[in-house]
Amino acid sequence: MEKTKTSPLSFVKKWCYDKRLYFLVFFLPVAIMFSAYAFFKIHPIGDSSVLVLDLNGQYVYYYEQFRDAFHGNGSFIYNWSRNLSGEMFGVFAYYLASPFMLILVLLPRTMMATSILILQLAKIGTAAVTFMFFLKKISVQKPKTISLIIFPTMYALMSYMVVQLMDPMWLDGLIYLPLICWGVHRLVDEGKLVPYIVPLALMFIAHFYIGYMVGIFTFFYFCWYCLSREGRILPKKFFSRCVAFGIGTLVALMCAAFVLITVYNSLKLGKFEFTDPDFSLATQFDFLTFITKLFPMSYDTVYPEGMPMIYCGTAVLILVPLFFMNDRITMKEKTSTGLLTFLLVILMYIKPADMAMHGFQVPNWLPYRYSFIFSFLMIVMAFRAFENLEGITAKNIGGIFFGLMVFLFWCERENYSHFQLFETKTSETGDTTNVIQGIWVSMIALAAYFALIYLIKKYPKSKAVCIVMVGVLAVELFANSADTIDKIDTDVAYSKYTSYEPYMTQTRNAVSMMKEYDPSLFYRMEATFHRTVNDPIGTGYKGISHSSSTMNAPALMMLHKLGYAYGGHYTKYDGTTFMTDALFDIKYLMDKTGDTSFVGTRVKVPEEYKLTTEYTEDVTTYKFYNNPNALGLGMVSSPSIEDVSLSEDNPFENQNMVFNALAGTTKEYFTKIPVINSEMENVSTSQLTDGHTKYFPTDTSIAECHIDYVVKMDKDSYLYMYLPTKYERSCNVWIQDEDDYMDGSEPMEYAGQFFVGDNYSIMNLGKFYEGQELRIRITVANDDNEAYWKDQLFYTFDYDSFAQTCADMQKNVLEVTSFKDTYLEGTVNAENDGSVLFTTIPYENGWTITVNGKKVTAEKSLDSLITIPLEQGENKITMKFSPDYWKVSLIITGFGVALLVLIFLFEYKRGKVMKKVLAKANFTAESSEKATTPVINDTTDTTDEPLRIYRPDNDDDEKLRHINEMMKNILGEDEDSGKNDK
353 MEKTKTSPLS FVKKWCYDKR LYFLVFFLPV AIMFSAYAFF KIHPIGDSSV LVLDLNGQYV
413 YYYEQFRDAF HGNGSFIYNW SRNLSGEMFG VFAYYLASPF MLILVLLPRT MMATSILILQ
473 LAKIGTAAVT FMFFLKKISV QKPKTISLII FPTMYALMSY MVVQLMDPMW LDGLIYLPLI
533 CWGVHRLVDE GKLVPYIVPL ALMFIAHFYI GYMVGIFTFF YFCWYCLSRE GRILPKKFFS
593 RCVAFGIGTL VALMCAAFVL ITVYNSLKLG KFEFTDPDFS LATQFDFLTF ITKLFPMSYD
653 TVYPEGMPMI YCGTAVLILV PLFFMNDRIT MKEKTSTGLL TFLLVILMYI KPADMAMHGF
713 QVPNWLPYRY SFIFSFLMIV MAFRAFENLE GITAKNIGGI FFGLMVFLFW CERENYSHFQ
773 LFETKTSETG DTTNVIQGIW VSMIALAAYF ALIYLIKKYP KSKAVCIVMV GVLAVELFAN
833 SADTIDKIDT DVAYSKYTSY EPYMTQTRNA VSMMKEYDPS LFYRMEATFH RTVNDPIGTG
893 YKGISHSSST MNAPALMMLH KLGYAYGGHY TKYDGTTFMT DALFDIKYLM DKTGDTSFVG
953 TRVKVPEEYK LTTEYTEDVT TYKFYNNPNA LGLGMVSSPS IEDVSLSEDN PFENQNMVFN
1013 ALAGTTKEYF TKIPVINSEM ENVSTSQLTD GHTKYFPTDT SIAECHIDYV VKMDKDSYLY
1073 MYLPTKYERS CNVWIQDEDD YMDGSEPMEY AGQFFVGDNY SIMNLGKFYE GQELRIRITV
1133 ANDDNEAYWK DQLFYTFDYD SFAQTCADMQ KNVLEVTSFK DTYLEGTVNA ENDGSVLFTT
1193 IPYENGWTIT VNGKKVTAEK SLDSLITIPL EQGENKITMK FSPDYWKVSL IITGFGVALL
1253 VLIFLFEYKR GKVMKKVLAK ANFTAESSEK ATTPVINDTT DTTDEPLRIY RPDNDDDEKL
1313 RHINEMMKNI LGEDEDSGKN DK
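In this text, residue positions in the sequence shown follow my numbering: the first is 353, and each later residue adds one.
Printed below as a string of structure tokens:
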């Protein structure tokens, strides 16, 4: 009979029907989470958005840049919009390596916030699917359908998942973890390596940081699975399995080397020294408080003092104790699982162990970033108990229910701030209402699950009970998700959708217009407004403002010492001066009118910058002002620039030193003016041994506490202020003409805040006239009622002398003749032998530089910027960014993939493919040998001899068997290893 052909459409329909449970498991948690978002009025339902914390301040801008690079408008390797410029390997590996990023690059750019919502929901659904796959595979017998619905849904909407939607790159860990664990099962049971290597390598690629944590747990899981199997204490061929585990892990690391090696080199630029960890022995929580986090609606905070996010369903709280009471689960499995659970708790409980799990660093925010592993194990135990309800009694269920209810009554007595009976909410009109909270919801849920588990045990085939259980679970998870979103909004605040769009589209359009207006190959631009410090990388202009966990620390510190706002991992275009604008080639300053959202108060357009062009969209007008003093990407200097050392306390003198070294002058562009009078009100002082003066209220019952400084202008100039300190405490700054102050006719003018974050930078107090006396007031304004600074620095600026010097320097700047993100060419003339080209490109490994066709070694100025030695006369400069470690990483990844393919060929269908390949290779070699062997004195008549077809002889079969046995010994393959080949 002829085989009936199946049409593609019929095949798809049949496949979808066969996989219908997977589709249900994907869409159920997605629907629950989307409903919670809709309840909170997340766009497109309302004006809220999914943008919160770092997702709002960092990631969404990297997504914008990644999308541009994907469509050919940028580079994946290097970018000129981050803190002057820098490599992108670290940003890619830390934020952008997930395959789900395709969602963001394929959907329209104007849908960015909605695309992120879709990405989040896709990861939730995929996590549920991979966990369901894992549960099906680990089950000895076919699991209950209800089990394959409720437990993956719990897994996909565990508290960690809902909270960490603000860090979507971490969520790949929840997707790959079940697959990696299933790979461990295959490796131990059958000696198969490919099912273990592939998901582990993908995890390391998707996110190296979470991959590091998952990798540690994978080792623990491997040990647990070896010890938990029934029968022998250790499985057959245990030592060969250990070797195979090590080989598989190594191959996975090699496959991911193109990410791991590049990100390691990126982290060396500053992230490793970002914190100074304290490894002293300490504990981080008490166990009873830890248990409260297993209940619904128990969100506390994402600040460093927060507890682990470990809630994963109220039913788990009943089922996990039943796991240990279950007669059908072996004592060996209970013991090993209990030990593994205890180990995970200890890792969170002991501070040094927790730091080790975080890469030997202390998390700045969002602690216990691996707590999803604990939830994973809890749900697996709950699944095992639920699948073996025959092994427990009704008394067991009732006893656990009673114990949990007693604990909830005790929690009500303790009055936990994060776990209460009710929460009082105040509406916009001032009305207050009590909203049900975690303790009541937990009681109701426990009662429902107690009854449902009992009924499922008694009536295991009842569909009605199963449907009710799914409904109860959906309501519980919706309530917990909605409550968590609401508390996150209170804790760190979700951004409005309208704060992102149309702002981003309009700003990008304005920047594009400016690039068309001035098509010069290279110049930098900055703005008087920033939605966040990552506006340059998100909207496509080359700037100074940028924030990232993978930063070039020396470059950031250099910008800080020159007076820019600095926060450890970011810099912002606050604290700028004429000199830094010229030095860093800020050719245009962008301002906007009409819609003045995000326009700051610390950066004003100087009257010396002239309006060049403008762009209007809706009610917003973007204005571009030209800086006549911009000095290009590089300028010729004497070698003395390499000897300049910046101090930490005086950005004005630092700028004087740098500019004099570059220009070959000895001028005082910035001039310090003395304080001619100072007054204090309700202020006491004390001296610290490190040179700081502490200012604090004499009488804390009096609100006013300030210090006044009176200065006299020595010229017509802008007046700048800086208060150097190591101990930032927020203060308010006020200013007024001294004569007006003495008259008392008008209040002092508020100049802004000083200290803390963006506000710790050079402050421009305004433009004043020679001989004018000004009173500057510093008000202590913080909860600590104190302030510290070493000195009070007030400086004026000689703009005319500076502008003349810039005009002379512009004759010897680098003229860029060819520019790409990773390559540039330019020419410059050096009048003197021994001159250098001072560039504003941050120093890092990977640049190949030639001068007049000769390769040169880059030198360093200001501890952070590339400086190039020049020859006298005309110099042609080429610079190419292609790090050696990038090439090495690609080679290692190639070897890793080749090893993976080789292992696959030996494992697939028990090596039959590899046997055919070897047989064919042997046949080719034999044929070649026979064809090239000369025939001597052969007079045999072969006319009537039939044609022979070559087949491997017995010796060939023996060789193949020998090779196959060798691979079995290496991989530890058992006789029954072909059972799961499909």
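Positions of the beta carbon are idealized from the N, C-alpha and C atoms, including for glycine.
As the structure is a prediction and not an experimental result, all values here were calculated from the model.
Per-residue burial, residue i [other beta carbons within 10 Å of its own, 16 or more giving buried]
i       : result
Gly1248 : buried
Lys475  : buried
Trp762  : exposed
Thr953  : exposed
Arg883  : buried
Ala746  : exposed
Thr1050 : exposed
Met700  : buried
His423  : exposed
Ile791  : buried
Leu509  : buried
Gly986  : buried
Trp367  : exposed
Met683  : exposed
Thr1220 : In the sequence on display, residue 1220 carries Ile and not Thr. Its Cβ being crowded by 16 or more others within 10 Å, Ile1220 is buried.
Ser1187 : buried
Ala1159 : exposed
CA-to-CA distance, residue j to residue i, given in whole angstroms
i       : j       : result
Phe392  : Val672  : 32 Å
Pro1194 : Leu1214 : 10 Å
Val988  : Pro656  : 47 Å
Pro1026 : Asn981  : 29 Å
Phe726  : Tyr507  : 11 Å
Pro1076 : Asn1002 : 7 Å
Pro1304 : Lys489  : Only weak support is given to the placement of Pro1304: the predicted model assigns it a pLDDT of 47, under 50, and the value that follows is read from those uncertain coordinates. C-alpha separation (whole angstroms): 40 Å.
Cys818  : Phe802  : 13 Å
Lys1024 : Ser949  : 35 Å
Ser833  : Tyr846  : 15 Å
Pro704  : Gly567  : 18 Å
Phe485  : Tyr922  : 42 Å
Phe591  : Glu1259 : 19 Å
Ser1329 : Tyr389  : With a pLDDT of 45 at Ser1329, under the threshold of 50, the modelled position of that residue is not reliable, and no figure is offered here.
Lys544  : Ala445  : 29 Å
Proximal residues to residue i (C-beta, below 8 Å), its chain only, five neighbours per side dropped
i       : result
Asn1227 : Thr1179, Val1180, Asn1181, Ala1182, Leu1189, Val1203 and Asn1204
Thr1018 : Asn1012
Leu1252 : Val546, Ile549, Val550, Ala553, Val603 and Cys607
Val1063 : Ile1025, Pro1026, Val1027, Ile1028, Leu1071, Glu1125, Leu1126, Ile1128 and Phe1146
Asp370  : none
Element boundaries [alpha helix (DSSP H), containing residue i]
i       : result
Ser359  : It is not in any alpha helix (DSSP H) - Ser359 carries neither H nor E in the DSSP assignment.
Asp1152 : Tyr1151 to Met1161
Ser618  : Ala609 to Leu619
Gly525  : Asp524 to Glu542
Residue range of the beta strand (DSSP E) that includes residue i
i       : result
Leu586  : That residue, Leu586, is in no beta strand (DSSP E); it is neither H nor E in DSSP.
Trp1141 : Ala1139 to Trp1141
Trp1086 : Cys1083 to Asp1089
His1058 : His1058 to Lys1064
Asn978  : Thr972 to Asn978
Asp1001 : Careful: Asp1001 lies outside any beta strand (DSSP E) and carries neither H nor E.
Gln1105 : Glu1101 to Phe1106
Ser1069 : Ser1069 to Tyr1074
CB contact below 9 Å: residue i versus chain D
i      : result
Asp399 : Annotation note: the requested chain D is absent from the structure, which comprises a single protein chain.
Residues near residue i in its chain [Cβ-Cβ closer than 7 Å; skip 5 each side]
i      : result
Tyr893 : Ser433, Val863 and Met877
Ile527 : Lys475, Thr478, Ala479 and Thr482
Val364 : none
Handout entry: Uninterrupted beta strand (DSSP E) stretches inside the segment 760 to 842 (no shorter than 3 residues)
Key = 774 to 778 and 784 to 788
Exercise for the section: Let me know the beta strand (DSSP E) ranges lying completely inside the segment 868 to 927, each 3 residues or longer, listed in chain order. Expected result: 876 to 879 and 922 to 924
Problem - beta strand (DSSP E) runs wholly inside the segment 399 to 440, at least 3 long, in chain order - result: 400 to 404
Exercise for the section: List in chain order: all unbroken beta strand (DSSP E) runs of 3+ residues lying wholly within the segment 1156 to 1240. Expected result: 1167 to 1172, 1175 to 1182, 1188 to 1194, 1199 to 1203, 1206 to 1208, 1211 to 1213, 1217 to 1221 and 1225 to 1233
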